[in-house]
Amino acid sequence: MTSPSVSDTGPVLPTYGRSALSDLLPAVLAALGVADAPNPLGLAPTRRACVFLVDGMGARLIERNADVAPFMAAALRTNPGLTAGFPSTTAASIGSLGTGLPSGASGMLGYRVLVPGTHRMINLLRWDAPVDPVEWQPHETVFERAEREGIEVTQVTAARFQDSGLTRSVLRGGAFTGAESLANRVTGALAILRDAAEREARALVYLYYADLDAAGHVNGVASETWREQLATVDVTVRELVDRLPAGTTLYVTADHGMVDVPADHRIDVDEDPELQVGVRLLGGEGRARHVYAKPGAARDVLQIWREALEDIAIVRSREEAIYEGWFGSPEMVAADLAPRIGDVVAALLDDWAVIATRREKLESRLFGMHGSLSAAEQQIPLLVFASGQAP
Numbered sequence: 001m002t003s004p005s006v007s008d009t010g011p012v013l014p015t016y017g018r019s020a021l022s023d024l025l026p027a028v029l030a031a032l033g034v035a036d037a038p039n040p041l042g043l044a045p046t047r048r049a050c051v052f053l054v055d056g057m058g059a060r061l062i063e064r065n066a067d068v069a070p071f072m073a074a075a076l077r078t079n080p081g082l083t084a085g086f087p088s089t090t091a092a093s094i095g096s097l098g099t100g101l102p103s104g105a106s107g108m109l110g111y112r113v114l115v116p117g118t119h120r121m122i123n124l125l126r127w128d129a130p131v132d133p134v135e136w137q138p139h140e141t142v143f144e145r146a147e148r149e150g151i152e153v154t155q156v157t158a159a160r161f162q163d164s165g166l167t168r169s170v171l172r173g174g175a176f177t178g179a180e181s182l183a184n185r186v187t188g189a190l191a192i193l194r195d196a197a198e199r200e201a202r203a204l205v206y207l208y209y210a211d212l213d214a215a216g217h218v219n220g221v222a223s224e225t226w227r228e229q230l231a232t233v234d235v236t237v238r239e240l241v242d243r244l245p246a247g248t249t250l251y252v253t254a255d256h257g258m259v260d261v262p263a264d265h266r267i268d269v270d271e272d273p274e275l276q277v278g279v280r281l282l283g284g285e286g287r288a289r290h291v292y293a294k295p296g297a298a299r300d301v302l303q304i305w306r307e308a309l310e311d312i313a314i315v316r317s318r319e320e321a322i323y324e325g326w327f328g329s330p331e332m333v334a335a336d337l338a339p340r341i342g343d344v345v346a347a348l349l350d351d352w353a354v355i356a357t358r359r360e361k362l363e364s365r366l367f368g369m370h371g372s373l374s375a376a377e378q379q380i381p382l383l384v385f386a387s388g389q390a391p
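The sequence shown begins at 1 in this note's numbering and counts up one residue at a time.
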């Protein structure tokens with residue numbers, strides 16, 4: 001397995017096709033015996049797989065908090081990780097996980113993006129625009145492919161996600177088991193895996209947990225609330241490993257990491273007339289911005305944003321970001337999907353953010369943020385445990 005390159009200060013570009021989150025589920029299918037599924041991660045054969053995705057659990061955060069997550073921290077030392085992809089945000093990352101494609105190929109290009117041909121934005125987490133999820137993302141999902149190959153697929157997460165736009169777009173396929181507490185989700189997942197083991201069936205269980213991410217957004221990743229959540233996850237992973245039925249492998253991963261953004265490192269677009277010049281719509285989120293320009297203004301907007309954010313962001317034109325591989329290899333970004341990307345794309349550095357206090361009241365108040373190319377956001381764990389194995 002190829003470990004992603006990591007820099008403490010510079011950007012970490014996604015390692016699509018080698019060791020990115022988009023490579024995980026196709027590799028799991030290969031491990032489950034799907035002959036032509038790619039396996040760049042080199043995952044060993046297994047009869048059953050449980051993929052446990054913890055929202056917001058960056059690998060760097062596990063390292064920094066090893067005192068409350070000793071089990072995962074020990075495993076992290078011997079398990080090369082993944083990169084989340086760009087932008088490092090839930091809608092894009094879950095899109096990449098569920099489709100096995102980089103964001104530029106799945107079209108899941110950020111938290112809030114333009115619906116091409118309209119003046120309307122869509123929030124891809126809340127799915128707040130009248131857009132058909134299947135039309136937005138028509139590729140076969142990995143779960144659908146698994147079903148087609150005779151693998152039993154089940155998602156185990158909060159019931160409210162069953163019919164969400166995000167689920168229908170990128171996680172469709174298989175059965176769904178709703179469970180509200182993490183303990184009940186673990187119990188449900190283990191029951192499904194045991195039943196499959198008794199029948200010697202191949203099975204894939206996807207287990208999702210969002211409370212760690214929520215704690216980070218509200219309280220920050222240095223808070224005791226967040227650390228308590230991480231400790232809970234660590235105990236849960238240990239329990240899963242101890243109770244895995246024979247012939248089963250657990251894969252623990254995340255969709256992105258997180259950084260705390262102090263009040264004096266927030267640039268407010270709504271209070272900065274210069275950053276509004278030539279801008280039609282503002283997309284993305286504080287750490288990763290899609291800036292949609294008025295007709296004929298894209299070049300001016302690019303220059304203004306570059307000069308204004310010179311020391312605190314990597315600012316690219318849409319074409320430059322595509323060429324540099326932010327959204328996958330350039331040839332994978334379809335012509336009809338490219339307009340979903342901003343005319344200008346800004347990836348914030350260090351612990352800076354570009355907020356919009358009037359347009360994005362809730363998001364602008366968040367303490368912990370993500371979306372950019374820093375190691376803290378991009379580097380995510382891939383912890384692999386076969387039944388009967390501990391680090």
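Glycine included, every Cβ here is placed at the ideal spot set by N, Cα and C.
Query: Can you tell me whether alanine 189 is buried or exposed? The criterion is at least 16 other CB atoms within 10 Å of its CB, across all chains shown.; Result: buried
Query: Please report how far the alpha carbon of arginine 60 lies from the alpha carbon of valine 259, in whole angstroms.; Result: 10 Å
Query: Using only CA atoms, which one of Asp195, Ala196 and Leu207 lies nearest to threonine 177?; Result: Leu207
Query: Looking at the ligand NAP, does it come within less than 6 Å of arginine 199, judged from the CB to the closest heavy atom?; Result: Among the components modelled here there is no ligand, and therefore nothing to report on the ligand NAP.
Query: Taking the alpha-carbon of serine 103 as reference, which of Ala75, Phe385, Thr118 and Gly85 has the nearest alpha-carbon?; Result: Gly85
Query: Leucine 32: which of Arg48, Asp67, Leu21 and Arg194 sits nearest, CA to CA?; Result: Arg48
Query: What's the C-alpha gap between glycine 257 and alanine 191?; Result: 30 Å
Query: Once DSSP output is grouped into helix, strand and coil, what is the label at phenylalanine 86?; Result: coil
Query: Suppose you measure from the CA of methionine 369 to the CA of glutamate 63; what does that come to, to the nearest Å?; Result: 19 Å
Query: Indicate the three-state DSSP secondary structure (helix, strand or coil) for tryptophan 226 in the structure shown.; Result: helix
Query: Assign serine 22 to buried or exposed, taking buried as 16 or more other Cβ atoms, counted over all protein chains shown, within 10 Å of its Cβ.; Result: buried
Query: Let's test the definition: count the other Cβ atoms within 10 Å of the Cβ of threonine 154 and tell me whether it reaches 16, buried, or not, exposed.; Result: buried
Query: So leucine 182 and tyrosine 209 are in contact, right, with Cβ under 8 Å, and what is the actual spacing, rounded?; Result: 6 Å
Query: Tell me the residue span of the beta strand (DSSP E) that contains valine 345.; Result: 344 to 348
Query: Helix, strand or coil: which one does DSSP assign to tyrosine 323?; Result: helix
Query: At a cut of 8 Å, does the stretch 259 to 274 reach the stretch 93 to 101 through at least three beta carbon pairs?; Result: no
Query: Tell whether a beta-carbon distance below 7 Å holds between glutamine 379 and serine 88.; Result: no
Query: Going along the chain, which unbroken runs of the beta strand (DSSP E) with 3 or more residues stay wholly within the stretch 187 to 249?; Result: 203 to 209
Query: For serine 317, name the three-state secondary structure that DSSP assigns.; Result: strand
Query: Going straight from the alpha carbon of lysine 361 to that of valine 301, what length do you get?; Result: 24 Å
Query: Does DSSP put asparagine 123 in a helix, a strand or coil?; Result: strand
Query: Using 8 Å as the threshold, is the stretch 319 to 328 in touch with the stretch 274 to 281, meaning 3 or more CB pairs across them?; Result: no
Query: Can you tell me the Cα-Cα spacing of arginine 340 and valine 115, whole angstroms?; Result: 6 Å
Query: Would a C-beta distance cut-off of 7 Å place proline 130 and glycine 165 closer than the cut-off?; Result: no
Query: Is it the case that the Cβ atoms of leucine 349 and isoleucine 312 are separated by a distance below 7 Å?; Result: yes
Query: Quick check: the Cα distance between valine 345 and serine 374, rounded to an integer number of angstroms?; Result: 15 Å
Query: If we count the other Cβ atoms within 10 Å of its Cβ and call it buried at 16 or more, is threonine 99 buried or exposed?; Result: buried
Query: Write down the C-beta distance between leucine 382 and methionine 72 rounded to the nearest angstrom, noting that I regard them as a contact closer than 8 Å.; Result: Not a contact, Cβ separation roughly 11 Å.
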